[in-house]
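Number of protein chains: 4
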Amino acid sequence: MEFAVNTSDREPIYRQLAEQVRAAIARGQLTAGDRLPSVRELSRTLVVNPNTIARTYTDLEREGVLHTRPGLGVFVAAPGSELTRPVRKKRLVERIDGLLTEAVHLAFTRDETRELIEDRMTQFQWKT
Amino acid sequence: MEFAVNTSDREPIYRQLAEQVRAAIARGQLTAGDRLPSVRELSRTLVVNPNTIARTYTDLEREGVLHTRPGLGVFVAAPGSELTRPVRKKRLVERIDGLLTEAVHLAFTRDETRELIEDRMTQFQWKT
Amino acid sequence: MEFAVNTSDREPIYRQLAEQVRAAIARGQLTAGDRLPSVRELSRTLVVNPNTIARTYTDLEREGVLHTRPGLGVFVAAPGSELTRPVRKKRLVERIDGLLTEAVHLAFTRDETRELIEDRMTQFQWKT
Amino acid sequence: MEFAVNTSDREPIYRQLAEQVRAAIARGQLTAGDRLPSVRELSRTLVVNPNTIARTYTDLEREGVLHTRPGLGVFVAAPGSELTRPVRKKRLVERIDGLLTEAVHLAFTRDETRELIEDRMTQFQWKT
DNA sequence: GTGGTCTAGACCACC
DNA sequence: GTGGTCTAGACCACG
Chain B
0 MEFAVNTSDR EPIYRQLAEQ VRAAIARGQL TAGDRLPSVR ELSRTLVVNP
50 NTIARTYTDL EREGVLHTRP GLGVFVAAPG SELTRPVRKK RLVERIDGLL
100 TEAVHLAFTR DETRELIEDR MTQFQWKT
Chain L
0 MEFAVNTSDR EPIYRQLAEQ VRAAIARGQL TAGDRLPSVR ELSRTLVVNP
50 NTIARTYTDL EREGVLHTRP GLGVFVAAPG SELTRPVRKK RLVERIDGLL
100 TEAVHLAFTR DETRELIEDR MTQFQWKT
Chain P
0 MEFAVNTSDR EPIYRQLAEQ VRAAIARGQL TAGDRLPSVR ELSRTLVVNP
50 NTIARTYTDL EREGVLHTRP GLGVFVAAPG SELTRPVRKK RLVERIDGLL
100 TEAVHLAFTR DETRELIEDR MTQFQWKT
Chain F
0 MEFAVNTSDR EPIYRQLAEQ VRAAIARGQL TAGDRLPSVR ELSRTLVVNP
50 NTIARTYTDL EREGVLHTRP GLGVFVAAPG SELTRPVRKK RLVERIDGLL
100 TEAVHLAFTR DETRELIEDR MTQFQWKT
């Protein structure tokens with residue numbers, strides 16, 4: 000798994016990394032039980048403070064995406080959201096509306112947008 | 000045009016409002032030439048610091064979405080994206096990937112996601 | 000609202016404080032909309048590093064207990080759990096079993112335990 | 000006696016095991032004089048570092064719950080809490096308050112909580 | 001070796 | 001003024 004940080008981005012580093020982990024899992028590049036690089040290791044390779052990496056990991060842990068085994072490392076947790084259906088749907092709809100707003104502003108047509116989404120969908124590991 | 004601020008959101012108010020203006024335009028609720036409420040007026044109705052409103056407007060102006068006519072007010076600018084096609088596509092794809100990542104993590108299936116997107120699409124004012 | 004930290008406790012400071020906030024809310028001593036002391040203020044009064052206070056607040060925010068309004072302060076959020084019923088029940092049962100285990104070890108009878116629980120229950124602000 | 004370790008728990012393994020021993024005693028599944036598995040044996044079956052098991056046992060021995068007879072094994076000690084009544088009550092009340100705080104935050108009603116506690120109580124071996 | 005906690009102090013964004 | 005992010009570096013707990 001490859002990580003990259005862009006310090007000139009307005010998005011904080013710890014959240015950039017969290018998003019990359021989430022994306023890798025959603026794409027099936029990381030699956031339950033896989034071990035992630037240790038805090039110190041990733042800290043060295045990315046030249047980022049260990050606390051920042053730790054924050055990424057603890058955030059994802061609280062989200063239920065990772066789990067930590069002190070002394071052993073950090074691992075991908077078993078999937079499955081603990082949130083209620085209404086909450087999950089609300090979150091997704093908000094994100095969809097943001098996407099569609101941007102699509103219209105970027106002057107894409109409905110069909111172009113649909114096609115692009117359909118195309119990207121193949122990259123992800125869907126629940127059946 | 001109705002505005003609403005959600006102070007419990009981690010998104011700053013000035014960006015929430017900017018997003019709402021963009022969304023209203025994308026939905027066709029605001030079109031080129033429409034006048035927006037003045038900074039003072041909106042500041043009073045939303046109980047928000049005037050500086051915050053001003054920032055929303057100047058940001059959108061810099062983006063080419065709004066146009067200020069001193070002494071007259073703030074207006075929706077004529078559309079016209081100056082970005083090249085590859086840049087626009089790259090932006091949209093990034094957003095799509097973010098959405099799909101979240102959909103997978105929220106345990107939605109591909110069909111559910113597709114259906115929800117299709118449903119929201121009817122709300123927007125698409126370029127033909 | 001009074002806070003107290005015990006540095007000789009095995010429980011980390013940031014979690015001691017979080018528990019105190021949760022308890023105050025559960026007892027109705029803090030209710031939705033109430034403002035908590037600012038990070039810097041509480042940091043000064045408790046002689047604890049501001050980062051530690053901030054961690055307490057951000058943890059509770061992620062839990063949905065507090066919400067933060069940058070520039071304004073930290074406030075008690077509206078109640079309501081976003082977790083599914085099975086998850087909530089599992090968490091409560093684990094805690095109940097821990098309690099009953101300790102009650103038996105401390106040589107309390109079933110009636111004594113029941114009575115003590117009944118007695119403490121009156122102190123809390125129950126959902127109806 | 001069955002042991003299980005949950006590595007995705009933030010509770011350290013040695014304390015999980017200690018808690019399970021205490022729970023088994025509280026439920027009457029282990030009583031004074033019963034022999035526990037040896038450190039090596041348990042270490043193999045649970046795939047856990049022997050040091051971790053040893054720590055569990057020494058902790059419980061210091062607590063007066065177990066008793067090691069060199070060359071023979073580890074045994075459940077005779078009960079008998081040396082703590083005074085006020086100390087024991089204070090401990091239990093703290094735990095009850097923690098439980099009730101969580102129950103309120105998980106949006107359980109007083110009756111639901113009471114019922115759940117009553118239900119679990121039947122599983123334990125109470126002093127009469 | 002691993003992660004967890006805490007401190008000190010800097011700089012930025014928001015209001 | 002408020003909170004948010006990041007760094008640097010210390011010390012502890014766990015396996």
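Top line first, the protein sequences correspond to chains B, L, P and F. The opening position of the first sequence corresponds to residue 0 in numbering that gives the first Met the number 0, with each subsequent residue numbered one higher. The opening position of the second sequence corresponds to residue 0 in numbering that gives the first Met the number 0, with each subsequent residue numbered one higher. The opening position of the third sequence corresponds to residue 0 in numbering that gives the first Met the number 0, with each subsequent residue numbered one higher. The opening position of the fourth sequence corresponds to residue 0 in numbering that gives the first Met the number 0, with each subsequent residue numbered one higher. Glycine is no exception: its CB is placed at the ideal position from the N, C-alpha and C atoms.
With respect to the 7 Å criterion, Pro49(B) and Val38(B) are classified as neighbours on the basis of their beta carbons.
In terms of beta-carbon proximity, Glu93(B) stays away from the interface with chain P, with every pair separated by 7 Å or more. Out of Gln124(L), Leu98(L), Tyr13(L) and Val20(L), the CA that lies nearest to the CA of Ala106(B) is found in Gln124(L). By the rule that beta-carbons nearer than 7 Å mark a contact, Leu105(B) touches chain L.
Taking a contact to require three or more Cβ pairs closer than 8 Å, the stretch 79-94 of chain B and the stretch 45-61 of chain B do not qualify as touching. Secondary structure of Thr121(L) (DSSP, three-state): coil. Residues of the same chain with a CB within less than 7 Å of the CB of Leu45(L), apart from the 5 flanking positions on each side, are Phe2 and Val4 in chain order. The continuous beta strand (DSSP E) containing Arg68(L) extends over residues Leu65 to Arg68.
In the three-state reduction of the DSSP assignment, Gly72(F) falls in the strand class, which pools E and B. In the three-state scheme derived from DSSP, where H, G and I count as helix and E and B as strand, Thr57(B) is classed as helix. For Lys126(P), the nearest beta carbon of chain F is closer than 7 Å to its own beta carbon. Around Glu81(B), the beta-carbon contacts reaching into chain P at under 8 Å are Leu82, Thr83 and Val86. Listed along chain B is no residue with a C-beta nearer than 9 Å to that of Leu65(L); the closest approach is about 13 Å. In the three-state DSSP reduction, Thr6(B) falls in the coil class, being neither helix nor strand. His104(F) is the residue among Gly72(F), His104(F) and Ala76(F) whose C-alpha sits nearest the C-alpha of Ala23(P). Taking 7 Å as the cut-off, the Cβ atoms of Leu71(P) and Ala17(P) do not count as close. With contacts defined as CB atoms closer than 7 Å, Thr6(L) and Arg68(P) qualify as a contacting pair.
Following the DSSP letters along the chain, one finds Lys88(F) inside the alpha helix (DSSP H) bounded by residues Arg84 to His104. Under the three-state reduction of DSSP, Arg34(B) is assigned to strand. Closer than 9 Å at the C-beta level to chain B, one finds these residues of the stretch 37-64 of chain P: Asp58, Arg61 and Glu62. Here the alpha carbons of Gly97(B) and Ala25(L) stand approximately 10 Å from one another. At least one CB atom of chain F sits nearer than 7 Å to the CB of Phe123(P). Assignment of Thr108(P) by DSSP, reduced to helix, strand and coil, places it in the strand class. The continuous alpha helix (DSSP H) containing Arg14(P) extends over residues Ile12 to Ala25.
Linking Met120(P) to Ala31(P) through their CA atoms gives a straight-line distance of about 21 Å. With respect to chain P, the C-beta atom of Leu71(F) has no partner C-beta closer than 7 Å. Interface residue (Cβ-Cβ distance to chain L less than 7 Å): Asp33(B) is not classified as such. Listed along chain B are Ile95 and Ile116, each with a C-beta nearer than 7 Å to that of Ile116(L).
For the 7 Å CB-CB criterion, Thr108(F) and Lys126(P) form a contact.
Glu114(L) and Ala102(B) have their C-alpha atoms roughly 18 Å apart. Within its own chain, the residues whose Cβ lies closer than 7 Å to the Cβ of Ala76(F), once the five positions on either side in sequence are excluded, are Ala31, Gly63, Val64, Leu65 and His66, listed in chain order. Look at Arg9(B): its C-beta is not under 7 Å from any C-beta on chain L. For the 7 Å CB-CB criterion, Leu41(L) and Val73(L) do not form a contact.
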